[in-house]
Amino acid sequence: MTDTFFEKELAARPIEAIPGLIEFDIPVHGDNRGWFKENFQKEKMLPLGFPESFFAADKLQNNVSLSRQGVLRGLHAEPWDKYISVADNGRVLGAWVDLRAGDSFGHVYQTIIDASKGIYVPRGVANGFQVLSDTVSYSYLVNDYWALELKPKYAFVNYADPALGITWDDVEHAEVSEADKQHPLLKDVQPLQPEQL
Numbered sequence: 148m149t150d151t152f153f154e155k156e157l158a159a160r161p162i163e164a165i166p167g168l169i170e171f172d173i174p175v176h177g178d179n180r181g182w183f184k185e186n187f188q189k190e191k192m193l194p195l196g197f198p199e200s201f202f203a204a205d206k207l208q209n210n211v212s213l214s215r216q217g218v219l220r221g222l223h224a225e226p227w228d229k230y231i232s233v234a235d236n237g238r239v240l241g242a243w244v245d246l247r248a249g250d251s252f253g254h255v256y257q258t259i260i261d262a263s264k265g266i267y268v269p270r271g272v273a274n275g276f277q278v279l280s281d282t283v284s285y286s287y288l289v290n291d292y293w294a295l296e297l298k299p300k301y302a303f304v305n306y307a308d309p310a311l312g313i314t315w316d317d318v319e320h321a322e323v324s325e326a327d328k329q330h331p332l333l334k335d336v337q338p339l340q341p342e343q344l
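Residue numbering for the sequence shown is 148 to 344, as defined by our numbering.
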């Protein structure tokens with residue numbers, strides 16, 4: 148863990164390629180014993196661009212997944228907005244693809260995420276990640292309750308579609324679910340209309 152991990156101040160950067168996608172720098176306070184961070188703080192993040200609409204439905208749920216090195220998950224667009232972050236010392240290569248109808252349909256953004264970064268993802272933007280560390284705990288703060296019956300409302304695009312131009316790490320040897328391998332190419336994805344979001 149580098150010293151720069153601890154030097155960041157809370158800041159936000161909208162991602163131009165995908166409207167509504169926001170990358171947050173998260174202060175991490177630590178020493179040789181470990182570290183602490185405020186992963187999400189509504190009153191501090193709203194003025195930086197975190198959307199008030201995230202809280203409109205008055206539903207919040209925090210989900211955490213654990214994955215090991217080489218696992219690649221995605222690309223899924225769930226029917227809710229989410230704020231994602233890494234909850235431990237792990238690192239992932241994150242990727243996002245806009246599946247909403249409009250000029251930014253098919254636009255891609257990717258970056259490395261560790262504990263000092265959070266990403267706000269609006270509904271209709273597919274999210275995926277590949278684990279770069281031994282393991283990672285990936286945290287999702289979402290504004291609707293997860294339920295298996297919502298799966299038909301998800302939208303998907305194939306992580307390996309060359310048209311996306313995503314530079315995964317050694318993708319040929321990545322551990323990917325059979326379901327994720329079967330997702331359609333971008334050319335076969337119907338853009339999500341506003342009434343579907």
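For glycine and all other residues, C-beta sits at the position ideal for the given N, C-alpha and C.
L213 and V283 have their C-alpha atoms roughly 6 Å apart.
In this structure, the alpha-carbon of L157 lies about 25 Å from that of V244. No Cβ-Cβ contact shorter than 8 Å links D291 with G221. For the set L297, E325, L246, the Cα lying nearest the Cα of L333 is the one of L246. Sorting N209, Y230, D178 by C-alpha distance to the C-alpha of S200 places Y230 at the top. Here A262 is buried. Its C-beta has 16 or more other C-beta atoms within 10 Å. Comparing alpha-carbon positions, the option among K155, Q188, L168 lying closest to I266 turns out to be L168. Cβ neighbours of Q257 within its own chain (closer than 8 Å, five residues either side excluded): L240, G241, A242, W243, I313, T314.
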